[in-house]
Structures are given as C-alpha cells and as structure tokens.
C-alpha cells in the first residue's frame, strides 16, 4: 500500500495520513460504555430508544458491538470491557472497567445483563466474575448460548461444543 | 493408496480387499436404531444400561453417533435416520425410518427424544417433523442448542448463529 501511494497517489497518501492522525488524537472512549467514539457519549448510549428494554450487553471489544448489531436481534445498550480478566498478565477488574460497570449497575436502570464475552476460557471466567457482580446488585445476568453453529454438520463440530449443545437443549 | 499397495504391499492389498468385501456383505442395519452393525441389534441398543434414562437421541448418520459418543455426555440410546427429509428429492418420512420410530415411540419406554439432526435447513425441518410425531405420542422432544462454538471469537461467528445464541441465552 505504501509503494502504491508513493508511486501513484501522493495526494491520497497525505489525506490518509491526516485522517489517521485525526483519528488518533480525536477518538476517545464513550463515558458510559467505553467503546470508541468522537463524542463524549456514543450514538448508541445517547439514543433514548435503546434504554427502553433495560438490557445491557457486555462484550470484549468494539468489533463485537458491530457483530451483535449485524444480527438485528438486540435493541439495548452495550458495555465494552476492552479485553478480559487475565490475572497472569496483571489485568484485573479495574483494567476492564468493572468499576464503571459497578457504578452503572448501581443506578438501577438496567434490568438484565447479557454476557457476550468470547466463548474462550478467559471470556467464561470474565463472564462469571461479572455475573457475581450483577447478583450483588440484584440484576439478572444471562450468558449467550453455546452450541452447534447454524449450517454446519454435527460430525464436524468439536466435542466440547457438542456437549454444551446437548446440555443446553431446549424443548420444542 | 492403490499405487502404494501395488508396489509395496500386495499381501496387505488382498487382506484389505477381503475385509472390504466382508464388510459389504456382512454389515446390515440394527433393527432398533438403524445404525450399521454386524449383529441383529447393535451393541448400544443391546446394552441394558443405556435404556435406564429413557432418552433417545435422533441423528442423521452413524458418524454422528460417534461424535455424540465422543462427548461422553449422553448415556441413552440412538435412532439413526440415514438422511433427512427432502421432499424435492423424493425422500419422505418412511425413507428415513420414521415408521420404525413411530413404532418405538408407541412402546412407551422412551421418556425424551433429543433431536440432534444437523443444524441445516433440512435438519431443522426434519427435527420439527419428528417433534410433531413425539407430541402425538405424548413424548417430550428437545432440540440441541444452537450458539457460538466454544473457543472461538465472537466477531468471527456468523450473524445467524450469533442471533440464535442471543435468543437462547441462559441465566447464570
């Protein structure tokens, strides 16, 4: 990309440099949900319609917000951890903003916390830690379902996922 | 493989041919669950311990039995459809053994049917058809959970799976 810009599009390269430098200095974190935004409060948190159902979806990164938004299934607000608990790397509760989350839970306008951290060991541990926090504040906490991905073949699914899928079976 | 056997291991090739021809003539279907077996009744169906919990897991192919067995989470019996409903290809209920299943449900020793057909459109349609059959016989039917596979990253999961995962969230 650098060679292309140097050979063919020096003006475009300067624009790109400008945009990048602007982004680096202007983009901060939303004060409510910690996602990236140029405003004080991001456009999801400041939308009054997203407050109505009282759901708060906890994700690990701003990219996860995009993934959940793409499903069109969720109309509440988000909270971005910007990582996950990892005591060995020295990442504790306050590093992933759980003090901010604690403050938000205390305000009483959140009815359900949906824990959508990654389905990895660290993600599960973080989800359980936050679930404890929710129970302290008498807020209901739920975890997204583990199971077989839609469109796949049963025999190609790994054993752990299949066993979660069997345990989480639902009546029809 | 054929070149290797011709060049290096003609005796092994003959043994392989024998084994294959034996398998083709000797292996039939279990009379109870329709999986491949050399006996009249396969070793899972003839094991009295597997009858105790009254669970019957419906899968599309014998390979799926191996996948579910590998999880170690299931101790009931199986029923193998050997395919799925596909009206356009002329595959109806009796082609996937639903008359045999109907007979088994009528015997009253099955308490729950776990529908573990593939998470594809045809698999879902087949699962719903069998669930109707179970309701006629007052047998409880459940579907394995759809959701994010364990160990993955949320942002790499497809939208349909993620939306199933959100809908199927469970309290913790």
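Chains as they are written, first to last, in the UniProt record's numbering: chain A, 1 to 172; chain B, 1 to 172. Ideal Cβ placement from N, Cα and C applies to all residues, glycine included. Computed from a predicted structure; not experimentally measured.
In DSSP terms, what residue i is bridged to
{"i": "residue 51 of chain B", "result": "Answer by DSSP bridge pairing: none, since residue 51 of chain B is not bridged."}
{"i": "residue 36 of chain A", "result": "A:29"}
{"i": "residue 134 of chain A", "result": "Paired residue(s): none; residue 134 of chain A is not in a bridge."}
{"i": "residue 141 of chain B", "result": "B:113"}
{"i": "residue 91 of chain A", "result": "A:86"}
{"i": "residue 107 of chain A", "result": "Bridge partners of residue 107 of chain A: none, in fact."}
{"i": "residue 79 of chain A", "result": "A:58"}
{"i": "residue 148 of chain B", "result": "A:146"}
{"i": "residue 171 of chain B", "result": "A:142"}
Nearest-angstrom Cα separation, counted from residue j out to residue i
{"i": "residue 28 of chain A", "j": "residue 139 of chain A", "result": "29 Å"}
{"i": "residue 65 of chain A", "j": "residue 70 of chain B", "result": "35 Å"}
{"i": "residue 124 of chain A", "j": "residue 35 of chain A", "result": "21 Å"}
{"i": "residue 161 of chain B", "j": "residue 167 of chain B", "result": "10 Å"}
{"i": "residue 152 of chain B", "j": "residue 152 of chain A", "result": "15 Å"}
{"i": "residue 126 of chain B", "j": "residue 103 of chain A", "result": "48 Å"}
{"i": "residue 47 of chain A", "j": "residue 53 of chain B", "result": "51 Å"}
{"i": "residue 106 of chain A", "j": "residue 33 of chain A", "result": "15 Å"}
{"i": "residue 45 of chain A", "j": "residue 75 of chain A", "result": "11 Å"}
{"i": "residue 143 of chain B", "j": "residue 18 of chain B", "result": "41 Å"}
{"i": "residue 14 of chain B", "j": "residue 6 of chain B", "result": "10 Å"}
{"i": "residue 149 of chain A", "j": "residue 158 of chain A", "result": "11 Å"}
{"i": "residue 120 of chain A", "j": "residue 85 of chain A", "result": "12 Å"}
{"i": "residue 2 of chain A", "j": "residue 22 of chain A", "result": "19 Å"}
{"i": "residue 16 of chain A", "j": "residue 163 of chain B", "result": "36 Å"}
{"i": "residue 61 of chain A", "j": "residue 113 of chain B", "result": "39 Å"}
{"i": "residue 43 of chain B", "j": "residue 81 of chain B", "result": "18 Å"}
{"i": "residue 100 of chain A", "j": "residue 88 of chain A", "result": "22 Å"}
{"i": "residue 11 of chain A", "j": "residue 118 of chain A", "result": "41 Å"}
{"i": "residue 172 of chain A", "j": "residue 130 of chain B", "result": "10 Å"}
{"i": "residue 128 of chain B", "j": "residue 30 of chain B", "result": "24 Å"}
{"i": "residue 137 of chain A", "j": "residue 109 of chain A", "result": "12 Å"}
{"i": "residue 92 of chain A", "j": "residue 93 of chain B", "result": "56 Å"}
{"i": "residue 79 of chain A", "j": "residue 96 of chain B", "result": "47 Å"}
{"i": "residue 63 of chain B", "j": "residue 132 of chain A", "result": "40 Å"}
{"i": "residue 57 of chain B", "j": "residue 169 of chain A", "result": "12 Å"}
{"i": "residue 4 of chain B", "j": "residue 20 of chain B", "result": "18 Å"}
{"i": "residue 24 of chain B", "j": "residue 41 of chain B", "result": "18 Å"}
{"i": "residue 173 of chain A", "j": "residue 98 of chain A", "result": "Nothing about residue 173 of chain A can be reported from this structure: the residues present for chain A run from 1 to 172 only."}
{"i": "residue 90 of chain A", "j": "residue 122 of chain A", "result": "13 Å"}
{"i": "residue 59 of chain B", "j": "residue 8 of chain B", "result": "40 Å"}
Nearest-angstrom beta carbon gap, residue j and residue i [assumed within contact, 8 Å]
{"i": "residue 26 of chain A", "j": "residue 38 of chain A", "result": "5 Å"}
{"i": "residue 141 of chain B", "j": "residue 134 of chain B", "result": "4 Å"}
{"i": "residue 111 of chain B", "j": "residue 73 of chain B", "result": "At roughly 17 Å, the Cβ-Cβ gap does not stay under 8 Å, so residue 111 of chain B and residue 73 of chain B are not in contact."}
{"i": "residue 215 of chain B", "j": "residue 155 of chain A", "result": "Any property of residue 215 of chain B remains undetermined from this structure, which presents chain B solely from 1 to 172."}
{"i": "residue 77 of chain B", "j": "residue 51 of chain B", "result": "7 Å"}
{"i": "residue 147 of chain B", "j": "residue 147 of chain A", "result": "4 Å"}
Interface flag, residue i vs chain B, CB-CB below 8 Å
{"i": "residue 77 of chain A", "result": "no"}
{"i": "residue 51 of chain A", "result": "no"}
{"i": "residue 126 of chain A", "result": "no"}
{"i": "residue 3 of chain A", "result": "no"}
{"i": "residue 167 of chain A", "result": "yes"}
{"i": "residue 74 of chain A", "result": "yes"}
{"i": "residue 110 of chain A", "result": "no"}
{"i": "residue 34 of chain A", "result": "no"}
{"i": "residue 180 of chain A", "result": "This structure does not reach residue 180 of chain A, given that chain A is present from 1 up to 172, and the question cannot be answered."}
{"i": "residue 11 of chain A", "result": "no"}
{"i": "residue 18 of chain A", "result": "no"}
{"i": "residue 144 of chain A", "result": "yes"}
{"i": "residue 80 of chain A", "result": "no"}
{"i": "residue 25 of chain A", "result": "no"}
Min CB distance residue i to chain A below 8 Å
{"i": "residue 47 of chain B", "result": "no"}
{"i": "residue 139 of chain B", "result": "no"}
{"i": "residue 68 of chain B", "result": "yes"}
{"i": "residue 21 of chain B", "result": "no"}
{"i": "residue 113 of chain B", "result": "no"}
{"i": "residue 172 of chain B", "result": "yes"}
{"i": "residue 71 of chain B", "result": "yes"}
{"i": "residue 59 of chain B", "result": "yes"}
{"i": "residue 37 of chain B", "result": "no"}
Of all the residues that make up the stretch 87-105 of chain B, which are near chain A by a beta-carbon distance shorter than 7 Å?
Against chain A - using a Cβ distance shorter than 7 Å - the stretch 87-105 of chain B contributes no residues.
According to a CB-to-CB cut-off of less than 9 Å, which residues of the stretch 147-165 of chain B neighbour chain A?
Here the close residues are 147, 148, 149, 150, 151, 152, 153, 154, 155, 156, 157, 158, 159, 160, 161, 162, 163, 164 and 165.
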